[in-house]
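Student: Here the numbering used here is used: the sequence shown runs in plain steps of one and ends on residue 819.
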Amino acid sequence: MPTFYQKTGLVTVLFFLFASSLWCKEVSAVEKVKESSAYKESLNSIKAYNYYAEYFRYATGDFHRADSLCDLSMKTAIKSGNKTLMLEAAFGYFRILPTTYNSSKGKELIKNMINWARETGDSKNYFYSLYYTALYHAEHHDYFQAFTYLDSCINMSKSSGYNDLLAEAHILKARLLVERNEMLEAFRNLLTAMDLAKSSNGFKQLNSLYLELAVFYETNNNFVKAKEYIDQQIQLIESQNPVDTMIWLTAQFQRLSSPLADESQILDEKAVIRMMEISTRKGFIRIRKDFFTLLRSYYIENGKIPQLKKLYLEENPEDFVSLEKEDITLYYRLNALFKELDGNIDSAEYFWNKSKVLVDNKPNLYYVGTFYYRYAEFMLRQNRPKEAENLLLKSFSICSRVNYNKLMIKILQTLESMAQQRGDYRQAYNYNNQKQELINELQRKSRSEDLLMLEVEHESNLRELANARERAIQENKLKEEKVKKNAFAGGLFVFLILTGMFFRQYKLTKKQKKRSDELLLNILPEKTADELKLKGHTTAKEYEGVTVLFCDIVGFTKISEQLTAQELVNEIDFYFKAFDEIITRNGLEKIKTVGDAYLAVGGMPEGNLAEARTVALAAIEMMKFVENLKQIRIAENRPFFEIRIGLHTGPVIAGVVGNKKFQYDIWGDTVNTAARMEQTSETGHINVSGNTYETLKSEFEFTYRGKVHAKNKGMVDMYYIIP
Numbered sequence: 097m098p099t100f101y102q103k104t105g106l107v108t109v110l111f112f113l114f115a116s117s118l119w120c121k122e123v124s125a126v127e128k129v130k131e132s133s134a135y136k137e138s139l140n141s142i143k144a145y146n147y148y149a150e151y152f153r154y155a156t157g158d159f160h161r162a163d164s165l166c167d168l169s170m171k172t173a174i175k176s177g178n179k180t181l182m183l184e185a186a187f188g189y190f191r192i193l194p195t196t197y198n199s200s201k202g203k204e205l206i207k208n209m210i211n212w213a214r215e216t217g218d219s220k221n222y223f224y225s226l227y228y229t230a231l232y233h234a235e236h237h238d239y240f241q242a243f244t245y246l247d248s249c250i251n252m253s254k255s256s257g258y259n260d261l262l263a264e265a266h267i268l269k270a271r272l273l274v275e276r277n278e279m280l281e282a283f284r285n286l287l288t289a290m291d292l293a294k295s296s297n298g299f300k301q302l303n304s305l306y307l308e309l310a311v312f313y314e315t316n317n318n319f320v321k322a323k324e325y326i327d328q329q330i331q332l333i334e335s336q337n338p339v340d341t342m343i344w345l346t347a348q349f350q351r352l353s354s355p356l357a358d359e360s361q362i363l364d365e366k367a368v369i370r371m372m373e374i375s376t377r378k379g380f381i382r383i384r385k386d387f388f389t390l391l392r393s394y395y396i397e398n399g400k401i402p403q404l405k406k407l408y409l410e411e412n413p414e415d416f417v418s419l420e421k422e423d424i425t426l427y428y429r430l431n432a433l434f435k436e437l438d439g440n441i442d443s444a445e446y447f448w449n450k451s452k453v454l455v456d457n458k459p460n461l462y463y464v465g466t467f468y469y470r471y472a473e474f475m476l477r478q479n480r481p482k483e484a485e486n487l488l489l490k491s492f493s494i495c496s497r498v499n500y501n502k503l504m505i506k507i508l509q510t511l512e513s514m515a516q517q518r519g520d521y522r523q524a525y526n527y528n529n530q531k532q533e534l535i536n537e538l539q540r541k542s543r544s545e546d547l548l549m550l551e552v553e554h555e556s557n558l559r560e561l562a563n564a565r566e567r568a569i570q571e572n573k574l575k576e577e578k579v580k581k582n583a584f585a586g587g588l589f590v591f592l593i594l595t596g597m598f599f600r601q602y603k604l605t606k607k608q609k610k611r612s613d614e615l616l617l618n619i620l621p622e623k624t625a626d627e628l629k630l631k632g633h634t635t636a637k638e639y640e641g642v643t644v645l646f647c648d649i650v651g652f653t654k655i656s657e658q659l660t661a662q663e664l665v666n667e668i669d670f671y672f673k674a675f676d677e678i679i680t681r682n683g684l685e686k687i688k689t690v691g692d693a694y695l696a697v698g699g700m701p702e703g704n705l706a707e708a709r710t711v712a713l714a715a716i717e718m719m720k721f722v723e724n725l726k727q728i729r730i731a732e733n734r735p736f737f738e739i740r741i742g743l744h745t746g747p748v749i750a751g752v753v754g755n756k757k758f759q760y761d762i763w764g765d766t767v768n769t770a771a772r773m774e775q776t777s778e779t780g781h782i783n784v785s786g787n788t789y790e791t792l793k794s795e796f797e798f799t800y801r802g803k804v805h806a807k808n809k810g811m812v813d814m815y816y817i818i819p
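#1: Going by beta carbon distance, what residues of the same chain come within less than 7 Å of Ser656, once the five residues before and after it are set aside?
#2: Here's the rule: buried if 16 or more other CB atoms are within 10 angstroms of the residue's CB, otherwise exposed. What is Gly691?
#3: Along the chain, where does the alpha helix (DSSP H) containing Glu685 start, and where does it finish?
#4: Here's the rule I'm using: 16 or more other beta-carbon atoms within 10 Å means buried, otherwise exposed. How should Leu433 be labelled?
#5: Under three-state DSSP, which class holds Ser785?
#6: Based on Cα-Cα distance, which residue from Lys378, Phe387, Glu638 lies nearest to Gln350?
#7: Over the uninterrupted beta strand (DSSP E) stretch that includes His160, give me the two end residues.
#8: Can you name, in chain order, every residue of its own chain whose Cβ lies under 7 Å from the Cβ of Ser253, other than the five neighbours on each side?
#9: In terms of residue numbering, what span does the alpha helix (DSSP H) encompassing Val320 cover?
#10: Kindly confirm or deny that the region 772–781 and the region 746–753 touch, where touching means at least three C-beta pairs closer than 8 Å.
#11: Ignore the nearest five residues each way along the sequence and tell me which others in Gln336's own chain have a CB closer than 7 Å to its CB.
#12: Pair every Cβ in the region 683–701 with every Cβ in the region 759–773, then say whether three or more of these pairs are closer than 8 Å.
#13: If I measure Cβ to Cβ from Tyr306 and keep anything under 6 Å in the same chain, skipping five residues before and after, which residues do I get?
#14: Return the CA-CA distance between Val767 and Val748, expressed in angstroms with no decimal places.
#15: How would you call His805, buried or exposed, if buried means at least 16 neighbouring beta carbons within 10 angstroms?
#16: Report the start-end ranges of each beta strand (DSSP E) in the region 669–725 that is 3 residues or longer and not cut off at the edges.
#17: Tell me, to the nearest whole angstrom, how far the beta carbon of Gly699 is from that of Tyr639; I am working on the premise that it is less than 8 Å.
#18: Quick check: what's the CA-CA separation for Ala173 versus Ser219?
#19: Can you tell me whether DSSP reads Glu778 as helix, strand or coil?
#20: Can you list, in chain order, the residues of its chain whose CB lies under 7 Å from that of Met514, leaving out five sequence neighbours each side?
#21: Let's see if you can read the secondary structure: which residues bound the alpha helix (DSSP H) around Ala444?
#22: Beta strand (DSSP E) containing Lys637: first to last residue?
#23: Is DSSP giving Asp247 helix, strand or coil here?
#24: Report the residue from Ala714, Ala712, Lys686 whose alpha carbon sits nearest the alpha carbon of Pro701.
#25: May I ask you to report which of helix, strand or coil DSSP gives Leu193?
#26: For the beta strand (DSSP E) holding Phe798, just list the boundary residues, first then last.
#27: Could you check the C-alpha separation between Glu707 and Phe675 for me, to the nearest Å?
#28: Between the alpha carbons of Ala242 and Lys171, how many angstroms are there, rounded?
#29: Just list the residues that DSSP pairs Tyr815 with in beta bridges.
#30: On the CB-based measure, 16 or more other CB atoms within 10 Å of its CB, does Tyr462 come out buried or exposed?
#31: Entirely within the region 337–401 and at least 3 residues each: give me those beta strand (DSSP E) ranges in chain order.
#32: Does the region 422–431 come close enough to the region 442–452 that 3 or more CB-CB pairs lie under 8 Å?
#33: Tell me the DSSP bridge mates of Ser433?
#34: State the CB to CB distance for the pair Glu184 and Ile142, rounded to an integer number of angstroms; the pair is presumed to be in contact (CB under 8 Å).
#35: Spatial neighbours of Val498 within its chain, please: C-beta separation below 8 Å, excluding the five flanking residues on both sides.
#36: According to DSSP, simplified to helix, strand and coil, what is Gly751?
The following block contains the structure:
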């Protein structure tokens with residue numbers, strides 16, 4: 097009787113042979129000239145290796161085999177010496193494996209891909225070389241480079257008219273924006289991608305978009321909208337002929353796991369078991385494992401240990417045996433739960449202790465914190481409150497490091513109840529206060545998410561109105577065409593002339609107004625500009641909790657002596673434009689530049705939500721940009737700038753100065769202190785005040801400089817951010 101894995105191998109080989117037979121028939125119009133028998137043989141081999149790698153990556157979860165097959169694909173391409181084939185292999189690698197799995201290989205490929213693409217002269221090759229380079233930088237958290245390459249992708253796709261590729265670029269941009277918590281801008285990119293995908297009727301892009309939108313809404317606790325998009329995704333997949341079972345199962349996993357994020361929902365256990373059976377029949381080991389993990393987590397979370405034991409020991413004993421090699425910590429935990437269920441408490445505690453020895457080495461603090469909470473629950477069931485309390489306190493300490501607020505609330509609730517039972521009402525009161533603070537924090541976050549969802553819905557409605565307006569315009573155009581065909585030539589001619597004149601005048605007026613508004617908004621914040629247009633003057637406003645960023649070019653006078661006036665202006669313009677882009681992307685407000693100094697803030701004016709953390713991240717990004725450019729300039733033997741940055745957090749007053757050539761500016765001690773932070777900083781460092789340090793100390797690492805003398809401030813505590 098063949099084993100499960102033997103069956104899997106047979107299915108894989110048959111599928112591989114079938115795919116190879118199809119690929120042999122493919123002929124690219126662009127490459128017809130090059131299609132010698134050797135070229136076609138290499139192309140078929142590369143596609144076969146990539147398909148086989150894709151199977152192991154997504155169906156079985158075997159990253160090692162997938163990586164080996166991608167290597168064979170790349171070696172075949174390099175041996176052929178054909179740049180198109182080399183790109184085919186490279187794109188396959190990026191599509192199949194995360195570049196973090198083999199970072200050095202990814203780094204080597206991005207050095208060459210864009211040049212290879214240019215040599216082929218194929219615009220789609222060029223797009224994907226930019227796209228996967230952006231993906232590489234994103235997976236290594238270099239968002240500045242990722243967005244730079246991604247914007248190049250978008251511009252290239254627009255100029256080439258490739259709506260399907262443009263949609264892919266906007267989808268990736270949305271993912272990166274979500275990672276940076278820029279939710280509204282991410283949603284706008286998803287809407288843009290949806291319009292493009294629908295216009296090109298691209299299944300791949302639409303399928304990705306429905307999933308991305310479902311995850312977006314789920315992340316922001318809008319589970320109703322998340323379900324709508326999952327259902328649309330499944331309908332789309334099932335409308336294809338034939339249905340791709342792997343994609344369908346992945347969508348079903350999202351549908352079944354999504355309700356668990358909403359604590360009021362339960363898992364459809366029968367549906368999960370059915371999906372496991374389908375995955376097993378198809379040989380999709382990894383997907384089956386995902387469903388199995390989902391069911392196991394649900395049983396543990398809800399105390400369904402008898403069902404968990406039956407799932408492992410009766411229905412899937414081979415999974416329990418394999419756990420001892422795959423995840424020994426989980427294996428011990430399950431043994432502990434099963435022994436306790438059988439009434440063998442000593443053995444249960446033995447396995448809890450065995451697991452405890454290993455769990456502290458795990459990097460996932462959510463997992464570690466949850467483990468100690470579960471261990472404490474075991475001790476409470478054994479009526480050992482002192483040991484349970486120690487474990488709960490340890491769990492709380494670990495969870496606080498990653499802001500795992502939901503579990504921290506449960507821990508404090510348990511500790512409060514234990515304190516009440518032993519009559520320690522003072523301690524119970526303290527635990528209750530801490531719990532209430534966390535609940536309030538979650539409520540504040542929930543209100544923030546509600547506001548975001550209102551903005552998202554508003555944005556969605558605007559897009560729907562725009563689309564409806566576009567459809568109406570198209571319908572009106574069709575009607576006008578009919579009128580034109582039936583109208584007399586002379587009357588139609590007059591009508592067209594008059595319409596053109598009015599329309600031209602309307603466009604000219606609209607363009608002038610738009611230009612005027614844009615110029616004003618480039619000088620002033622939106623609300624200040626609106627106030628100025630409405631009243632003819634503005635009122636100064638005071639803002640609390642503003643983080644001021646001062647940046648200054650070091651040795652500017654010395655560098656200016658090496659450059660002509662025009663070269664100097666061009667250099668400053670180049671650096672400050674890059675700073676503008678970083679500031680804008682991070683949601684800060686640029687105030688002004690004075691000579692070689694640059695001033696920006698977070699937390700003002702109205703609607704600016706950039707906190708001290710965001711300002712610090714922007715400062716780090718500015719510093720990295722300058723340092724990277726410095727290395728390039730040194731290699732080119734060209735002059736370069738170096739900078740120093742100062743940050744301080746506090747209240748400021750903001751308003752417009754003068755009534756001619758007016759300028760929006762900020763004043764107050766906070767601004768002066770930030771300037772002192774910059775002036776007392778060293779080259780290449782970000783110097784922060786004690787105020788800002790207290791706000792950021794849990795977010796970043798710092799070097800304490802001690803008390804440093806600042807002009808008109810005396811001795812002040814200062815810290816350097818460690819990037």
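Just so it is clear, CB atoms sit at the ideal spot from N, CA and C, and this is done for glycine as well. Values in this document were obtained by computation on a predicted structure and should not be read as measured data.
Tutor: Checking against the coordinates, here is how it stands:
#1: In the sequence shown, counting from the first residue as 1, residue 656 sits at position 560. The residues are Leu664.
#2: Locating residue 691 in the sequence shown gives position 595, where the first residue counts as 1. The residue is exposed, with fewer than 16 neighbouring Cβ atoms inside 10 Å.
#3: Numbered from its first residue, the sequence shown carries residue 685 at position 589. Segment 685–690 is the beta strand (DSSP E) holding Glu685; no alpha helix (DSSP H) there.
#4: On the sequence shown, position 337 is the one that residue 433 refers to. Buried is the call here.
#5: In the sequence shown, counting from the first residue as 1, residue 785 sits at position 689. Reduced to three states, the DSSP call for Ser785 is strand.
#6: Residue numbering aside, residue 350 sits at position 254 when the sequence shown is read from its first letter. Checking every option, the nearest Cα to that of Gln350 belongs to Phe387.
#7: Residue numbering aside, residue 160 sits at position 64 when the sequence shown is read from its first letter. From DSSP, His160 is part of no beta strand (DSSP E) but of the alpha helix (DSSP H) over 159–176.
#8: Position 157 of the sequence shown holds residue 253. So the list reads Phe223, Leu261, Leu262, Ala265, once near-sequence residues are dropped.
#9: In the sequence shown, counting from the first residue as 1, residue 320 sits at position 224. Looking at the DSSP string, the run of the alpha helix (DSSP H) that includes Val320 is 319–334.
#10: no
#11: Taking the first residue of the sequence shown as position 1, residue 336 is located at position 240. Excluding residues up to 5 positions away in sequence, Phe299 lie with their Cβ nearer than 7 Å to the Cβ of Gln336 in the same chain.
#12: yes
#13: Stepping through the sequence shown from its first residue, residue 306 is reached at position 210. Excluding sequence neighbours, Tyr306 sits near Tyr325, Gln328, Gln329.
#14: By 1-based counting over the sequence shown, the position of residue 767 is 671. By 1-based counting over the sequence shown, the position of residue 748 is 652. Across the structure, Val767 and Val748 are spaced so that their CA atoms are roughly 7 Å apart.
#15: Within the sequence shown, numbered from 1, the residue matching residue 805 stands at position 709. With fewer than 16 other Cβ atoms within 10 Å, it is exposed.
#16: 685–690, 693–698
#17: Here the question's residue 699 lines up with position 603 in the sequence shown. Here the question's residue 639 lines up with position 543 in the sequence shown. Indeed they touch by this definition, with Cβ atoms about 7 Å apart.
#18: As a first step, residue 173 must be located in the sequence shown, where it is residue number 77. As a first step, residue 219 must be located in the sequence shown, where it is residue number 123. Cα to Cα, Ala173 sits roughly 20 Å from Ser219.
#19: Here residue 778 is taken as the residue at index 682 of the sequence shown, counted from 1. Three-state result, Glu778: coil.
#20: Here residue 514 is taken as the residue at index 418 of the sequence shown, counted from 1. Contacts found: Pro481, Glu485.
#21: Stepping through the sequence shown from its first residue, residue 444 is reached at position 348. 441–455 is the extent of the alpha helix (DSSP H) around Ala444.
#22: Mapped onto the sequence shown, residue 637 falls at position 541. DSSP places Lys637 in the uninterrupted beta strand (DSSP E) bounded by 637–650.
#23: One-based indexing of the sequence shown puts residue 247 at position 151. Helix, per DSSP.
#24: As a first step, residue 701 is located in the sequence shown; it is residue number 605 there, counting from the start. Residue Lys686 is the option with its Cα nearest to Pro701.
#25: Counted from its first residue, the sequence shown places residue 193 at position 97. Note: Leu193 maps to coil in three-state DSSP.
#26: Stepping through the sequence shown from its first residue, residue 798 is reached at position 702. From DSSP, the beta strand (DSSP E) with Phe798 extends over 797–806.
#27: Here residue 707 refers to the residue found at position 611 of the sequence shown. Here residue 675 refers to the residue found at position 579 of the sequence shown. Roughly 18 Å separates the two Cα atoms.
#28: Walking along the sequence shown from the start, residue 242 turns up at place 146. Walking along the sequence shown from the start, residue 171 turns up at place 75. Those two C-alpha atoms are separated by around 27 Å.
#29: Counting from one through the sequence shown, the residue named residue 815 turns up at place 719. Bridge partners of Tyr815: Val784, Tyr800.
#30: Reading the sequence shown from its first residue, position 366 is the one you call residue 462. Exposed.
#31: none
#32: These segments touch.
#33: Translated into positions along the sequence shown, residue 433 becomes position 337. Per the sequence shown, residue 433 should be read as Leu rather than Ser. DSSP output for Leu433 lists no bridge partner at all.
#34: As a first step, residue 184 is located in the sequence shown; it is residue number 88 there, counting from the start. As a first step, residue 142 is located in the sequence shown; it is residue number 46 there, counting from the start. Taking C-beta atoms under 8 Å as the contact rule, Glu184 and Ile142 qualify, at a distance of about 5 Å.
#35: As a position in the sequence shown, residue 498 is number 402, starting the count at 1. Cβ within range, chain order: Leu461, Tyr462, Gly465.
#36: For the purposes of this step, residue 751 is taken as residue 655 along the sequence shown, with counting starting at 1. If DSSP states are grouped into helix, strand and coil, Gly751 belongs with the strands.
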